[in-house]
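Below: one structure, written as structure tokens.
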Amino acid sequence: MNVPTRDTVTILTHSYLDGYTQNLSRPFGGGLERYVHALCRVIIRMGLQPVVYQLSYFGAFDTTYNGVRVRGWTYELDNIAVAFETMAESAEGLLLYGSCIWHPIRYRPGSIGICHGISWDRHDMPRDTKQEVAGIINEAVGQLELIVSVDSQFLTYCRSVCYFPDPARIALLPNAVDTEWFTPIAGANAGAGSVPLRVLFPRRLSFERGIVPMMLLATTILREYPDVIVEFAGELVEKTPIAIAFRLWLDSHPHQNRIEQRVYSFEEVRTAYQNADIVVIPTIFSEGTSLACLEAMSCGVPVVSSNVGGLNDIIVDGLNGLLVPPQSAALTAAVRTLLDNEALRSSMGHLARLTALAFDQRKWDSQWMSIIEAQRKKLLRS
Amino acid sequence: MKDGRIWRRKHTGNKLTAIMQVRNEQGRYLEAVLAELSQFVDDIVIVDDASTDDTHELCRSFDKVVKLIRLDTSLFRTEWQLRQRLWEEAITLEPDWILSVDADEIYEQRAALAIRELIDQDRYDWVGYRMYDFWGSLTHYREDEWWTLHKRHTMTLIRYLPGYHYYYPQWEHHVPRLPITAAALPGICTEFRIKHLGWAGSEEDRRAKYERYKQLDPFGKWGSLAHYESILDPKPRLIRWNEEASQS
Amino acid sequence: MEGEQAVTATSFVIFPDGGWSNLPAPFQKLFDELSLKHAVYFVAAEPISSHAPAAIQALSLDQIEAFGWAEAAAVVLHPCWIQAAMAIAPKYLIAMPDSPQQGEPALWSKCRKWLCAHSDLIIADAEPYYLEQAFCTEHIFLLDGRDEVTDLLARQAFSWTLSGFSPKPLVRLQQRCLAEWHNKRLTSDSEKLGKDKLPTLFFHSVYQYLIYDLERAKESALAAFELAVLEGKSDALSMYYRFVSAIELKQGLTRAAVQTYSYTAVTDEDRRTVDFLDEWLKEGKDGLAGALLYRLNDDYKQSLARLELLESDPMAQQLTIECYIQTGKLKKAKDSIKTDQLKQGDEQQQYLLLRGTSALLAGQRHEAIHSFLEAAEHRIEALGNIAEIAALDAAVLELFMGPAGDSSPD
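Chains as they are written, first to last, in the working numbering: chain A, 1 to 382; chain B, 1001 to 1248; chain C, 2001 to 2410.
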């Protein structure tokens, strides 16, 4: 059992500062890293000391970021579990396991785990693999004192697949959005008919995030609607098959003058949402609570989303967005519905905004504070 | 086969036909060989290469000899023709499996007992055995530089595939006992043993054989001269035969 | 080449594989001769070698677009030119590709198949590849400098094609010559052949098979089989004896052919195939059995000829499509597929990929990518087909820039 020493809370994660490009001056721009960052802010506000231990592809390091000590540990690709156990041995204070719950980690007693969504929900992944994962999750549920789940999907998964004596072992804490920063433009979507309508894909261009159905959708929509622009706002990892495919597609596209692709910094991305008339989140698999989806909704933009993972927790079909199977035909039909109906876009956008308020950042902060506080008390008592 | 189908291998009820060429075997091992064979084969086809003794009568006395051809002139000097003739006579009987036996070869008990199981399957088409050269007795076999036949396998048992291209190379001597193209088909090698008794007799017998080889093949065109010479080796390395032993 | 007037291609453009010196000598000789009567161009960034005939002019990639293709032929030496060469719609397409190399990129093999499938004439400079293609297409010739008559026939075929006449009558003629060439080696130089005797016997058999001299083909094949067994070759049964089944098929002895094949069926898969064939024979489906057996002997041409007579049978349909795909005839494969009967999964994938590749070869890049994306929606591997387009583009650029000396990029 670990006793809180010097009020430390250690977060173990496979990624925080940018270990992919060796740029240790800032976190990698993904959802997981932003989560860790936000969690560190909460811990500091509690007057406690956060420490982050992460895996490092390019060699060990020990640095400080925004006042938080970050240590990078080397590891072997096929033994992540061991790497986490090694990190845990040197960790002080309350331990939060921030990722890799599908790896067979032996958890230090009294710790909290976090699950960012189900990543093994590809329909064509073999059953053997899925069953293996089920076994590992079951172990995790047994060893961790508490698992914080960002969506109800994982919560239901555990209840239906695992055995655990205490129903409170899994807590639902959806991701959040800063609704004071991500706001609709005042007077936006007022229906200025001459402005071209913008359809936005606000994510990294990757297979699981549905870049392929999005490209197919784009081709159809651009052909049918001469006044629509499609924007891809996300990173492309160069030289991957996706990148090659996207560039070739763009180069030979008959409507390439109405296709845009760019990368926004975190501060700038709000303008992308505010300029968009429709946002498409066509995830094929592996989705917790999509931050992009929440941000879009917070900006009052109607969302066409696939019915995958945690997206089902925040979109109600026909109410605050359109929820369809992750197939290009269905996604395209939904986009058409919204393009053809300005009033619907407007009402859905409004309801999307209201929905987002229920996922406000401040609520998330205070929920985490409660969780950490409760666990520390428990550890002090024993 | 009727209704358009092709011939398929049988995995039960295979008929086993032994084939043999004989020449002046009186007083040697033929009687024992035929008696043993009769225990485990279904029928026997023999070509008598113009024997001048009672070999013919001896063969006739065994019921399982269903075909016995007597040649007037010997074909021994064009061995392939002899082999070919025997083969052609055998296949008129539409055999399922053919076992090629020499008049001085005896299969060990175990081999004889296992043979049905070996042929009643449809996966492979020949069987190889280990053949041991008994030397000067019925108790020991020879193993030294030129006498290592038992370290390889000899194909003596093959399935007959109707219409398959069976071919004997047209050599005068050392023609393989079975058509070489049979070996191109899939087969298995077993650890069952055959006792070759051709060298098991007296020293005079062996010398006589040596003289015959030197006469037929003085320059070692068909066989190795050193191998022929080793027949006369006064101290060959002999190993005792163990009837129960088997490497399998 | 459709009917009406035969159009003469007054010029032809060589899409090369390396510089002029990299061309096999018989090809150089051919182009030399033709340069006297035709305008000959060579696609290259650098000036052409001084060894080339003075009359040959260089052509840049931009000039290709603007060229007068209505009366010109494209002569393609490297498979990766296929997309560029088809997109310009030349009057005649002539393929003169290298033989497949061990370990070459899969993309090249595919391109080579597509190239041969869409060409009006194919000229091979190596015999094994020639024979492989002789089993797939009609208009194939060998040009390897082995003797006057054989070479002459190949050069004639080239001229005829440029003049708009089908070289088909010359195909059989050349095959006869080649059969005779091997026969001579077997009868006069038999002793000197040594290790070459076996392949010579076998090739001889194949030529006789091609020209329908079937009894002799069988003799040669059996002789080759015997020799292979004597030489201890492990593929004696599966290569030499198996070919006898093709000969028997051509003789109209379907049942005997299936029997022969059954003797060569050693693997579990082969044995299952024998079960199929036997079942079809029992059901009187000799045509179908023959078609499959031809294909098992790599004779796609004969297989397709049989299958055409069995249009309504669904199994025949499937075999037809597979044959078309194997021989690179993508459009035919695609057109044969009944899209309303497509099953989800593999079948649909195959169709989408076919549709994509057909579009690519027709110069419709965007449509091709779209089809591949549709395929990729279900199987991410289909993105590889899009990557291949990029690889082709890169290959074309490299071929155009022309590395000095060594011909193969990668």
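We treat Cβ as the ideally placed atom computed from N, Cα and C, and that holds for glycine.
How would you list, in chain order, the residues of chain C whose beta-carbon sits under 7 Å from the beta-carbon of M215 of chain A?
Within chain C, the residues placing a beta-carbon under 7 Å from that of M215 of chain A are L2373, ordered along the chain.
Starting from the beta carbon of F2225 of chain C, find every residue of chain B whose beta carbon is closer than 9 Å, and list them in chain order.
H1165, Y1167, T1181, A1184
If we ignore side chains and look at the alpha-carbon of each, how far apart do P249 of chain A and I2369 of chain C end up?
Correcting the residue identity first, residue 249 of chain A is Trp in this sequence and not Pro. Cα to Cα, the separation comes out at about 6 Å.
Cβ separation of V304 of chain A and L331 of chain A, assumed to be a contact under 8 Å, to the nearest whole Å
Correct: roughly 6 Å between the Cβ atoms.
Counting only Cβ pairs nearer than 8 Å, list the residues of chain A close to G2384 of chain C.
P241
For H2139 of chain C, count the other beta carbons within 10 Å of its own beta carbon; 16 or more makes it buried, fewer makes it exposed. Which is it?
buried
Using a Cβ-Cβ distance under 8 Å, would V280 of chain A count as near chain C?
no
Going along chain A, which residues have a C-beta under 7 Å from A2390 of chain C?
I244, L248
Do you know offhand how far L1232 of chain B's Cα is from N1242 of chain B's?
The straight-line gap from Cα to Cα measures roughly 25 Å.
Report the partner residues of K1249 of chain B according to the DSSP bridge assignment.
Lying before the first or after the last residue shown, residue 1249 of chain B is absent from chain B, which here runs from 1001 to 1248.
Any Cβ of chain A within less than 8 Å of the Cβ of E2377 of chain C?
yes
Just checking: is the beta-carbon of D2313 of chain C within a distance shorter than 8 Å of some beta-carbon in chain B?
no
When the distance is taken between beta carbons, is A88 of chain A closer than 8 Å to L12 of chain A?
Cβ distance < 8 Å, so L12 of chain A and A88 of chain A count as in contact.
Is DSSP giving W1007 of chain B helix, strand or coil here?
coil
Neighbour flag for D2278 of chain C against chain B, beta carbons, 8 Å:
It does; some Cβ of chain B falls within 8 Å.
Range covered by the alpha helix (DSSP H) that runs through I1239 of chain B:
Note, I1239 of chain B: premise wrong, no alpha helix (DSSP H); beta strand (DSSP E) at 1238-1240.
Between the Cα of L146 of chain A and those of A:K377, A:L380, A:I371, spot the shortest distance and give me the residue it belongs to.
A:I371
Could you tell me which chain B residues have their CB closer than 8 Å to the CB of Y2294 of chain C, listed as they occur along the chain?
Neighbours of Y2294 of chain C on chain B: none; closest Cβ ~17 Å, over 8 Å.
Determine whether the Cβ of R2355 of chain C lies closer than 8 Å to any Cβ atom of chain A.
no
Tell me which same chain residues have a C-beta within less than 6 Å of the C-beta of E1025 of chain B, skipping the five on either side of it?
Excluding positions up to five away in sequence, the list reads T1055, A1103.
Please state the DSSP three-state secondary structure of I372 of chain A.
Per DSSP, reduced to three states, the secondary structure at I372 of chain A is helical.
Mind checking whether R1116 of chain B and L1238 of chain B have CB atoms under 8 Å apart?
no
Contact the segment 1183-1192 of chain B vs the segment 1121-1138 of chain B: 3+ CB pairs below 8 Å
Contact check between the segment 1183-1192 of chain B and the segment 1121-1138 of chain B: three or more CB pairs, one atom from each, fall below 8 Å, which counts as touching.
Spatial neighbours of I284 of chain A within its chain, please: CB distance less than 6 Å, with the 5 preceding and 5 following residues excluded, ordered by chain position.
Non-local C-beta neighbours of I284 of chain A in its own chain, meaning closer than 6 Å and more than five positions away in sequence, comprise E208, G210, P326, ordered along the chain.
DSSP on M1020 of chain B, reduced to helix/strand/coil?
strand
Give the DSSP-derived three-state secondary structure of I2123 of chain C in the structure shown.
strand
Which residue spans inside the segment 2225-2304 of chain C form an unbroken alpha helix (DSSP H) run of at least 4?
Within the segment 2225-2304 of chain C, the complete alpha helix (DSSP H) runs of at least 4 residues fall at 2242-2250, 2254-2264, 2268-2282, 2286-2296.
Beta-bridge partners of L17 of chain A, as assigned by DSSP:
A:P27
Simplified DSSP assignment, three categories, for P50 of chain A
strand
Report yes or no: do three or more beta-carbon pairs, one from the segment 130-150 of chain A and one from the segment 49-66 of chain A, lie closer than 8 Å?
Contact between the segment 130-150 of chain A and the segment 49-66 of chain A is absent, because fewer than three Cβ pairs lie under 8 Å.
DSSP state of A233 of chain A mapped onto helix, strand, coil:
Here A233 of chain A sits in strand by DSSP.
Helix, strand or coil at V9 of chain A [DSSP, three-state]
strand
Taking DSSP as the reference, what is the three-state secondary structure of C299 of chain A?
coil
Quick one: does P226 of chain A have its CB under 8 Å from some CB of chain C?
no
Can you tell which of C:I2380, C:G2384, C:A2362, C:T2357 has the C-alpha that lies nearest to the C-alpha of S2371 of chain C?
C:T2357
Can you name the residues of chain C whose CB is closer than 8 Å to the CB of S382 of chain A?
Ordered by position in chain C, no residue passes the 8 Å Cβ test against S382 of chain A, which lies about 49 Å from the chain.
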